[in-house]
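Peer 1: This is the structure I have questions about; it appears just below.
Residue numbers (the numbering used here), protein chains in the order written: chain R, 6 to 342; chain U, 6 to 342.
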C-alpha cells in the first residue's frame, strides 16, 4: 500500500509509492519515451490484457470490454501512486505524520494509433478525451474519501513521460493538494474584497489589453499569463464563469477541443516538438467551501518544458522565466496554424 | 533591467530576465553541460577577462585580481537574473503587480581545474567554497534592499547546469521567497506551541530512530528526511542550533566540508554520477522576525535529479517519491566511501 507523508517544512505532502519502489541502479538512466515495438506496447489493439481491466471506454457498437474496437480507453495504472484499498487513515510516526496512500491512479489511452500524438488528433478525437475525463471525474467523485482529482498529461521525456503511445493520467487524492489550496485561498481573498471572480476579471483585462492572447473562440480564450512560470506557458480558460470542469456541456467541449488542437499544434511548431505538460485545474470534490462556485474558475494549462527547474527554484519557490509572455504569445500567434 | 512579477494564483514571484531573453528557436535543444574546449572556457586560468571583474577571490600571495593565481573566484553573472541597479520599486500594471528586478546574481568558480568536480575536491577545497559563500553572504547582506540570499549549485544537465566547469551560484532577492516564508511560518508555529526548534527535535528523533542517517561527525549530521520529495535526498544540518549559515566558524566549516565530501561521493557512486542540486536554506536578511534566531535552523540539501517533475507535481504541489528514505539512506550508508 502506498503511503502519504506530511512534509512539515514545505507544508505539503509526498506520496511514497511502494509499487514503484526502485533500487539505486533503476535510476542510472531515466528511461526515454522511446517509440518502442508496436506489438509489445500495452496500449495497442489486441494487448488489452496487458493493462488492468478498463473502467471506461468509448467503443464501436457490439465490441466487448477489454477487446479491440475501442476509440479511447481508461484503465487503472498498473503501478499506481495511490490505490482505493483499505481505509484512509492518519497515523503519527513519532514526530512525523503519515496517511494510507488512498486514492485512484488511472491511465487514459487516448487513441489506438501508436504513432498519433495529440497535436495530430482531430477535434472529434480530442473531444473523446474530454468526455472520458468528465466521465471519470463524475465516477471517482462518488467516493467520498476523494477530495481532489488531478488530470494531467506528460508528453515527452523532459515532461516525465516514459511511454510513447499517446496517453494521459488521472490521480485522485484524499486531501486537497497544496497548490489547489493556495489557489483557493487567493481567489477567496479576492472575492471577499472585490465581490467578483479574479479570473473573470483577468479574462476581461486580457481581452482589453490584447497583448498576451494567442487564440479565442466562442467559449474559450487562450493566453500566456502575465506571470507565467515557464516560457510559452498557455492558459485555456472558459470565458463564461464556471468553477468545475465536469459542468462542461457538449458544445463547450467542441470549442475546448478546437482550442487545444490549435494550441498544441502551435507549440509543436513554434518550439519544434518540445516536451510539455497539460494540467487541469478545477474544483475540489466532497468538500464544502463557502462561495467556491462563485470564486473558483477552472482552466487548463499547457506547460512546454523547455527550461529546467534548478537549485534556485527548489530553494525559493520562485521561477526564472527567460521569455516574456508578451513575446511568447506573439510568437505563438504568428505561427501559421 | 529584469523584472519581478507577482503570481497571484500561486502567491509567489517570477523573475523575468531580459538579459536572458530568448527566441523560440533558442529552446529547440536544451544545451548540455558539455565538457567543451578548455581554452575557450570562461572559467579557466588566463580567461579572467571573459567574466565580469571578480568580487571575491582566494589567491596566491602577490597575484592581482582578475589574473591567474586564484584558487576560487566569485564574479557577477554575465547574464544576471537580477541586478543591483536603480531602485527597488513596486508598480501596478492594471490588474497585475510587478517590481524592478533588483538583486544580485553571482557565480562561484570553485576551482581552476576544468575537469575536477565537487565529489573529487579535497576537504580544503570544499572549505574554500564555504569561505566564499560566507564572505558573499556578509557582503551582500549589507545592501538593505536584499531580503534573502540563495546559494545553490546545479550539477549536470538534468539539474539545470549548462557549463561543465565546476561552479555554483548566488542569487539575492529583494523579497522573502515563498518557500522560505512557508518554512518560517511552519517553524514559527511549532516554536509557539512547543517552545523549541522543530529541526533540533527532528535531529534528536533521527538520532534515536537511527533509520535514515547516512553520516555523522562532531558538528554535522546527514540524513534522508522522512518526507523527502526526491529519491536519495540528503539533508546536512548542524547538530548545534544555529539560524544563520554565516555564523559558521572555522572548525565547523571543516566538519561541514567533510560531510559534503562524503555525501557527494556517496551519491556519485551509488547513483552512477547523477545530476544533483545543492541548496542552502538559511535566515532572511535585513528583516525583523521575532524569535527567528530561536526557531530557524539552517541546513543544506542535496537533491539528486533522478526523477522528473511532471504534470501531477505542477498541478498539485505534491510529489511522488519512488524510494523510501529508509531504503535510500541504507543504500547510501552501505556504499564504501
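For glycine and all other residues, C-beta sits at the position ideal for the given N, C-alpha and C. Computed from a predicted model, the values in this text were never measured in an experiment.
Contact between the stretch 202–218 of chain U and the stretch 111–128 of chain U: three or more CB pairs below 8 Å?
Peer 2: Touching, no, given that fewer than three Cβ pairs across the two stretches are closer than 8 Å.
Peer 1: What residues in the stretch 264–287 of chain R bring their beta carbon closer than 8 Å to a beta carbon of chain U?
Peer 2: Per Cβ criterion, the list reads 275, 276, 277, 279, 282, 283, 284, 285, 286.
Peer 1: Which residues share a DSSP beta bridge with residue 173(R)?
Peer 2: The residue labelled residue 173(R) in the question sits at position 168 within the first chain. DSSP, once it has assigned bridges, lists 113(R) as partnering residue 173(R).
Peer 1: Kindly indicate which three-state DSSP category residue 101(U) falls into: helix, strand or coil?
Peer 2: Taking the second chain and counting its residues from 1, the one referred to as residue 101(U) is at position 96. Three-state DSSP puts residue 101(U) in a strand.
Peer 1: What are the boundary residues of the alpha helix (DSSP H) that includes residue 141(R)?
Peer 2: For the purposes of this step, residue 141(R) is taken as residue 136 along the first chain, with counting starting at 1. 128–145 is the extent of the alpha helix (DSSP H) around residue 141(R).
Peer 1: By the 7 Å beta-carbon criterion, what residues does the stretch 295–321 of chain R contribute toward chain U?
Peer 2: Taking 7 Å as the Cβ-Cβ cut-off against chain U, the residues of the stretch 295–321 of chain R that qualify are 308, 311, 313, 314, 315, 316, 317, 319, 320, 321.
Peer 1: Please name the residue, chosen from 235(R), 249(R), 183(R), 191(R), that lies closest to residue 318(U) on a Cα-to-Cα basis.
Peer 2: Translated into the one-based positions of the second chain, residue 318(U) becomes position 313. Among 235(R), 249(R), 183(R), 191(R), the Cα nearest to that of residue 318(U) is on 183(R).
Peer 1: Figure out for me which residue from 80(R), 190(R), 10(R) has the closest Cα to the Cα of residue 289(R).
Peer 2: Numbered from 1 along the first chain, position 284 holds the residue referred to as residue 289(R). Nearest option by C-alpha distance: 190(R).
Peer 1: Rounded to whole angstroms, what is the Cα-Cα separation between residue 308(R) and residue 132(U)?
Peer 2: On the first chain, residue 308(R) is found 303 positions in, with the first residue counted as 1. On the second chain, residue 132(U) is found 127 positions in, with the first residue counted as 1. When rounded, the distance between both Cα atoms is 40 Å.
Peer 1: Is DSSP giving residue 335(R) helix, strand or coil here?
Peer 2: Looking up residue 335(R) in the first chain gives position 330. Helix at residue 335(R).
Peer 1: Identify which residue in 246(R), 242(R), 206(R), 177(R) has its Cα closest to the Cα of residue 107(R).
Peer 2: As a position in the first chain, residue 107(R) is number 102, starting the count at 1. Nearest C-alpha to residue 107(R): 177(R).
Peer 1: For residue 200(R) versus residue 225(R), is the C-beta spacing smaller than 9 Å?
Peer 2: By 1-based counting over the first chain, the position of residue 200(R) is 195. By 1-based counting over the first chain, the position of residue 225(R) is 220. It is not a contact, given that the beta carbons lie outside the stated cut-off.
Peer 1: Quick check: what's the CA-CA separation for residue 92(R) versus residue 241(U)?
Peer 2: Here residue 92(R) corresponds to residue number 87 of the first chain, with the count starting at 1. Here residue 241(U) corresponds to residue number 236 of the second chain, with the count starting at 1. When rounded, the distance between both Cα atoms is 36 Å.
Peer 1: Of the residues that make up the stretch 87–108 of chain R, which ones have a beta carbon closer than 8 Å to any beta carbon in chain U?
Peer 2: The stretch 87–108 of chain R vs chain U, Cβ under 8 Å: 98, 99, 100, 101.
Peer 1: Should residue 115(R) be labelled buried (16 or more other beta-carbon atoms within 10 Å of its own) or exposed?
Peer 2: Here the question's residue 115(R) lines up with position 110 in the first chain. Buried, because 16 or more other Cβ atoms sit within 10 Å of the Cβ of residue 115(R).
Peer 1: Based on DSSP bridge pairs, tell me the residues matched to residue 75(U).
Peer 2: Residue numbering aside, residue 75(U) sits at position 70 when the second chain is read from its first letter. Residue 75(U) is bridged to 64(U).
Peer 1: By the 10 Å Cβ neighbour count, where 16 or more other Cβ atoms means buried, how is residue 316(U) classified, buried or exposed?
Peer 2: To locate residue 316(U), count along the second chain from 1; it is residue 311. Flag for residue 316(U) reads buried.
Peer 1: Quick check: the stretch 55–63 of chain U against the stretch 71–82 of chain U, are there 3 or more CB pairs under 8 Å?
Peer 2: Taking 8 Å as the limit for Cβ pairs, the verdict is that the stretch 71–82 of chain U does touch the stretch 55–63 of chain U.
Peer 1: For a cutoff of 9 Å on Cβ pairs, would you count residue 118(U) as touching chain R?
Peer 2: Residue mapping note: residue 118(U) aligns to position 113 of the second chain, counting from 1. So, not an interface residue.
Peer 1: Just grab the DSSP bridge partners of residue 96(R) for me.
Peer 2: Position 91 of the first chain holds residue 96(R). Partner(s): 103(R).
Peer 1: Give the range of the alpha helix (DSSP H) segment to which residue 300(R) is assigned.
Peer 2: Within the first chain, numbered from 1, the residue matching residue 300(R) stands at position 295. Note, residue 300(R): alpha helix (DSSP H), 297–300.
Peer 1: Can we count residue 187(R) as close to the ligand GTP, meaning its CB is less than 8 Å from some heavy atom?
Peer 2: The ligand content of the structure shown is nil, which means the ligand GTP is not present either.
Peer 1: Does residue 167(R) pass the burial test, meaning 16 or more other C-beta atoms within 10 Å, or should it be called exposed?
Peer 2: Position 162 of the first chain, counted from the first residue, corresponds to residue 167(R). Per the 10 Å Cβ criterion, exposed.
Peer 1: In chain U, which residues lie with their C-beta within 8 Å of the C-beta of residue 201(R)?
Peer 2: In the first chain, the residue the question calls residue 201(R) occupies position 196. Simply none; closest approach about 12 Å.
Peer 1: If contact is defined by three or more beta carbon pairs under 8 Å, each pair taking one atom from either stretch, is the stretch 283–298 of chain R in contact with the stretch 153–164 of chain R?
Peer 2: Yes, they touch.
Peer 1: So the candidates are 141(R), 278(R), 302(R); which of them puts its Cα closest to the Cα of residue 175(R)?
Peer 2: Numbered from 1 along the first chain, position 170 holds the residue referred to as residue 175(R). That would be 141(R), whose Cα lies nearest to the Cα of residue 175(R).
Peer 1: May I have the straight-line CA-CA distance separating residue 238(R) from residue 306(U), to the nearest angstrom?
Peer 2: Looking up residue 238(R) in the first chain gives position 233. Looking up residue 306(U) in the second chain gives position 301. If I take the Cα positions, the gap works out to 29 Å.
Peer 1: Any C-beta of chain R sitting closer than 9 Å to the C-beta of residue 229(U)?
Peer 2: Sequence index remark: in the second chain, residue 229(U) carries index 224 (1-based). Not one chain R Cβ lies under 9 Å of residue 229(U).
Peer 1: Would you say the stretch 245–252 of chain U touches the stretch 124–131 of chain U, given that touching needs at least three Cβ pairs under 8 Å?
Peer 2: The answer is no - the stretch 124–131 of chain U does not touch the stretch 245–252 of chain U, with fewer than three Cβ pairs under 8 Å.
Peer 1: Tell me which same chain residues have a C-beta within less than 6 Å of the C-beta of residue 102(R), skipping the five on either side of it?
Peer 2: Counting from 1 along the first chain, the entry for residue 102(R) is found at position 97. Here the set comprises 11.
Peer 1: So residue 292(U) is in the alpha helix (DSSP H); what residue range does that whole segment cover?
Peer 2: Position 287 of the second chain, counted from the first residue, corresponds to residue 292(U). From DSSP, residue 292(U) is part of no alpha helix (DSSP H); its letter is neither H nor E.
Peer 1: Quick check on residue 49(U): does DSSP put it in helix, strand or coil?
Peer 2: Here residue 49(U) refers to the residue found at position 44 of the second chain. Reduced to three states, the DSSP call for residue 49(U) is coil.
Peer 1: When the cut-off is 9 Å and only beta carbons count, does residue 13(R) lie next to chain U?
Peer 2: Here residue 13(R) refers to the residue found at position 8 of the first chain. So, interface residue.
Peer 1: Starting from residue 157(U), follow the beta strand (DSSP E) in both directions and report where the run begins and ends.
Peer 2: For the purposes of this step, residue 157(U) is taken as the residue at position 152 of the second chain. Taken as a continuous stretch (DSSP letters only), the beta strand (DSSP E) holding residue 157(U) covers 153–160.
Peer 1: Give the DSSP-derived three-state secondary structure of residue 285(R) in the structure shown.
Peer 2: Position 280 of the first chain holds residue 285(R). DSSP places residue 285(R) in strand when its eight states are reduced to three.
Peer 1: Between residue 206(R) and chain U, is any beta-carbon pair separated by less than 9 Å?
Peer 2: Residue numbering aside, residue 206(R) sits at position 201 when the first chain is read from its first letter. Interface residue, yes.
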